[in-house]
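Visitor: In the working numbering, the protein residues as written are 2 to 182.
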């Protein structure tokens with residue numbers, strides 16, 4: 002299934018947000034880290050730039066990480082809660098070089114509400130399209146990062162946070178070489 006472009010962007014942002022805490026790291030330790038993350042993701046809108054905002058994004062990240070590996074019914078509960086708590090009201094908008102796409106909060110809504118609603122709207126498309134199996138965890142033994150598989154043949158197994166695929170393939174090659182020699 003091919004998702005709408007804004008859905009794919011939102012799903013990639015969810016993966017990047019979840020993976021900002023993958024493998025025991027903390028990629029959003031400060032307001033400056035959050036600023037850099039939002040700039041890299043092209044996320045706009047009002048900001049408070051305070052510790053409360055950062056904490057709310059951390060809370061959202063935890064909810065999205067839980068959703069990522071949840072079964073469909075549990076994922077729907079989280080999606081609906083995110084939409085309900087943000088008082089989501091879907092509407093078409095056009096801004097910052099993007100053509101018409103859906104937003105469900107205002108430009109002035111709190112950051113975590115805007116991020117959560119955008120994630121929930123994208124994840125609702127995943128559920129409605131019966132594509133929950135595209136949300137995975139990295140298959141490398143020492144990695145717990147989120148993986149979004151948008152490949153046609155559903156073959157993506159490793160995350161984009163480091164070089165997990167390369168490490169696993171090199172280890173397998175070395176094991177084959179050792180067994181042969």
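For each residue, glycine too, the CB sits at the ideal point set by N, CA and C.
Between which two residues does the beta strand (DSSP E) harbouring residue 10 extend?
Guide: In the chain shown, counting from the first residue as 1, residue 10 sits at position 9. First-last for residue 10: 6-20, but that is the alpha helix (DSSP H), not the beta strand (DSSP E).
Visitor: Name the residue from 106, 100, 8, 120 whose alpha carbon lies nearest to the alpha carbon of residue 208.
Guide: Residue 208 falls outside the range modelled here, since the chain spans only 2 to 182, and no answer is possible.
Visitor: Classify residue 8 as buried or exposed, calling it buried when 16 or more other Cβ atoms lie within 10 Å of its own Cβ.
Guide: Locating residue 8 in the chain shown gives position 7, counting from the first residue. Buried, since its Cβ has 16 or more Cβ neighbours within 10 Å.
Visitor: For residue 146 versus residue 12, is the C-beta spacing smaller than 7 Å?
Guide: Residue mapping note: residue 146 aligns to position 145 of the chain shown, counting from 1. Residue mapping note: residue 12 aligns to position 11 of the chain shown, counting from 1. Contact: no.
Visitor: Taking C-beta to C-beta, are residue 128 and residue 77 nearer than 7 Å?
Guide: Within the chain shown, numbered from 1, the residue matching residue 128 stands at position 127. Within the chain shown, numbered from 1, the residue matching residue 77 stands at position 76. It is a contact, given that the beta carbons lie within the stated cut-off.
Visitor: Please confirm whether residue 43 has its beta-carbon closer than 7 Å to some beta-carbon of chain B.
Guide: The structure shown contains no chain B; it is built from a single protein chain.
Visitor: Who are the near neighbours of residue 116 in its chain, counting only those whose CB is closer than 8 Å to its CB and skipping five residues on each side?
Guide: Position 115 of the chain shown, counting from 1, holds the residue named residue 116. Hits under 8 Å: 14, 18, 44, 58, 61.
Visitor: Taking DSSP's pairing of strands, which residues face residue 99 in a bridge?
Guide: As a first step, residue 99 must be located in the chain shown, where it is residue number 98. BP columns for residue 99 point to 96.
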